[in-house]
């Protein structure tokens, strides 16, 4: 847990509060075992206020109950494991709670649906105090508030080692309005929301500072100038406003997914599912100035970061060409290429005009 | 993982197959990393056939989609951690997969609902081979088949240590027919399905045999005569037939929950939620002959096992007195007491006629 105090004040006002809370942890430590499992659940859930009329029954029984009125339910789940998916040396627990929810909501939006409920389970070793769990849940509840989602159930237990988080999110969508990955058509435009690669470069900074800190514990890291990319990693947002815009503009994407593994990996999924090829243009990739500058500090290619960096949680979707006029003015949507027939394969055209096959180099937790 | 070969041939024919499969694991070991994450998901999900018309979209997209037609959805989730919730030294992976699903379905039935879908996430270290995961999923799919449930999504990732399982189950129930824990009325009869304490005594045997094996690895455990109690622990079933019977008999329980922590702990929950007291009768507690004999081998009181042993996954429910005639002939439902006003407290009357306060001594993972 928060080994060094981050100077990084980005991440909204949350980080300051978070640091204060870390000091607070030093001063007061309530052992979870003092509460017992049910006391802990009561404690963690006592402030829940359900926001959705469809949340008929929340935490406190064998199961939660959701009502439906002709809508379809979308459901997704993620399991996050300390040391694999996050590093508590530089991840404030409040951010971790926020992100744990957001990454699941991102999947719901990627179905063209609106998230409505989550269930959340955690397991933790006895090195975690009640105050630490409170920090985590503060982030969870902040995400629930920001996205209008209800926490309606969950499970808490101990682990022998590390912190484990499982979130299942549900959302609703008008009948048969959900958007899958397999509906892209030849000639469709490939769109990306926001900008790419920031989270990956943010990770590089935090890993570097962690190494420095491990070698010289007295040295406090200075991340003041890298707040943008670090924020992209530690406090991602789900692209709610893009889904709302598409509905308002009466655009139904032909296919959609969120970019969690990296654009190159994810566009290959979309091509495979839609049985098509694609062409991307390097010059069209959305790259933030902050990411470009940060990448140069590591002497790495910003394009490589945009293609292979994961965890940006932007939306990748395809639209019919006739919808182009409707999106052209949106600064937060970039057309990065188009779909081709399968036989043409998957390629990217560089700024120099050369053509390269796209290979999946996204974050693959299972690769050695 | 299966360190010693269990002689116990109970647990349906599954155990034999399971042992064969364990040998199989020795002969062939496919590294998960050879497949990659997406190859693994394809592999693990290639045989799924959706059983419920409401399962519109299953594994393979950002989220699954469930349709609803005026029904209410019930949802529950559990997180199971190796070394805390299960011990792979004596838990065959197939049984673990089966149980991981069943414990969640038990919660759905405990709401008076019918389970329809699950999502399942696992994280595992590199000591697990593909064959080991196949074993686990065989159990998962067996449970899905037996209970008519669809696996519609999930997540797989690595862990630094141990095996982690998260299951979220959904079910449906006619509008406002779900049964909570807070509806019991004074005078209602307290009912328990099946028999209690078996899983706990089964655990005692397996823990004892593990100790013996650790001390003298040559000695093979002989559990031939304890198949009943060991089966209660390793292959529990959810009480689907009780819920079906209650519906057929037109009995709506006034309150219901499943017994996962132990009767004494769980009846206290039901009393607290319903703001009532209760009286239980020791002589009415349902105790299987096999459990009684097994308990005596450990020189422990079968009544204590029935009260405090957890993981039996029987149903605990209350019914109005006028429904008594409808259940009296069911051998798998025992009336163990009745609800009283809150002021009377929660007590058990022993066979000798003395009266004791009920205290929660159920399995509490957070107690030291």
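Protein chains in written order, with this note's numbering: chain F, 874 to 1241; chain S, 874 to 1241.
The beta carbon of each residue, even a glycine, is placed where N, CA and C say it ideally should be.
Only a predicted model underlies this, so the values are computations on that prediction, with no experimental measurement involved.
Within the same chain, and ignoring the five residues on either side of residue 981(S) in sequence, the residues whose Cβ sits closer than 7 Å to its Cβ are 947, 949, 988, 1042, 1044. Using a Cβ-Cβ cut-off of 8 Å, residue 1181(F) does not count as an interface residue toward chain S, since no Cβ of chain S sits closer than that to its own. A residue is called buried when at least 16 other Cβ atoms come within 10 angstroms of its Cβ; residue 983(F) meets this threshold and is buried. At a cut-off of 8 Å between C-beta atoms, residue 1219(S) does not count as an interface residue with respect to chain F. Annotation: residue 1029(S) to residue 1005(S) spans about 14 Å, alpha carbon to alpha carbon. For residue 1037(F), the enclosing beta strand (DSSP E) starts and ends at 1037-1046. Approximately 6 Å separates the beta-carbon atoms of residue 1211(S) and residue 1060(S); this is inside 8 Å, confirming the contact. Check the Cα spacing between residue 1064(F) and each of 1130(F), 1164(F), 1083(F): the tightest is with 1130(F). Identification of residues in the stretch 939-952 of chain F having a C-beta nearer than 9 Å to some C-beta of chain S yields 939, 940, 941, 942, 943, 944, 945, 946, 947, 948, 949, 950, 951, 952, given in sequence order.
Shown here, residue 1163(S) sits in a helix according to DSSP, grouped into three states.
The continuous alpha helix (DSSP H) containing residue 1083(S) extends over residues 1071-1088.
Leaving aside the five residues that flank residue 917(S) on each side, the residues in its chain whose CB is nearer than 6 Å to its CB run, in chain order, 1010. Between residue 1189(F) and residue 953(S), the alpha-carbon positions lie close to 34 Å from each other. Residues of the stretch 952-965 of chain S that bring their beta carbon within less than 9 Å of a beta carbon in chain F comprise 952, 953, 954, 955, 956, 957, 958, in sequence order. If you draw a straight line from the Cα of residue 1233(S) to the Cα of residue 1107(F), it comes to about 41 Å.
At a C-beta separation below 7 Å, residue 1027(F) has these neighbours in chain S: 950. Straight-line measurement puts the Cα of residue 975(S) at about 19 Å from the Cα of residue 1051(S).
Residue 1207(F) is not a Cβ neighbour of residue 1135(F), given a cutoff of 8 Å. Residue environment analysis places residue 1087(F) among the exposed positions, since fewer than 16 neighbouring C-beta atoms fall within 10 angstroms of its C-beta.
In the DSSP assignment, residue 1065(S) forms a beta bridge with 1189(S), 1207(S). The Cβ neighbour count for residue 1159(S), taken over all protein chains shown within 10 Å, is at least 16; the residue is labelled buried.
Residue 1063(S) is outside the set of residues whose beta carbon lies under 8 Å from a beta carbon in chain F. For residue 1035(F), the neighbours in chain S by C-beta distance under 9 Å run, in chain order, 1032, 1033, 1034. For residue 994(F), the neighbours in chain S by C-beta distance under 9 Å run, in chain order, 950, 951, 952, 1039, 1041. Looking at 1127(F), 1020(F), 1036(F), 1040(F), the one whose alpha-carbon comes closest to that of residue 1027(F) is 1040(F).
Membership of residue 1028(S) in the beta strand (DSSP E) is indicated by the continuous run 1023-1031. In the DSSP annotation of this structure, the continuous segment of the alpha helix (DSSP H) that includes residue 1012(S) starts and ends at 1003-1020. With fewer than 16 other beta carbons inside 10 angstroms of its own, residue 1223(S) counts as exposed. Note that the stretch 1070-1085 of chain F touches the stretch 1097-1116 of chain F; at least 3 beta-carbon pairs, one per stretch, sit closer than 8 Å. Spatial neighbours of residue 1092(F) in its own chain (CB-CB distance under 8 Å, excluding positions within 5 residues in sequence) are listed in chain order as 1085, 1086. Around the beta carbon of residue 1089(F), fewer than 16 other beta carbons sit within 10 angstroms, so the residue counts as exposed. Secondary structure at residue 1115(S): helix, using DSSP grouped into helix, strand and coil. Close CB contacts of residue 1161(S) within its chain, under the 7 Å cut and outside five residues either way in sequence, are with 1068, 1071, 1101 (chain order).
Counting of Cβ neighbours within 10 angstroms places residue 1196(F) among the buried residues, the total reaching 16 or more. The C-beta of residue 930(S) comes closer than 8 Å to at least one C-beta of chain F. Judged by beta-carbon spacing, residue 1012(F) lies within the 8 Å limit of residue 968(F), meaning their Cβ atoms are closer than that value.
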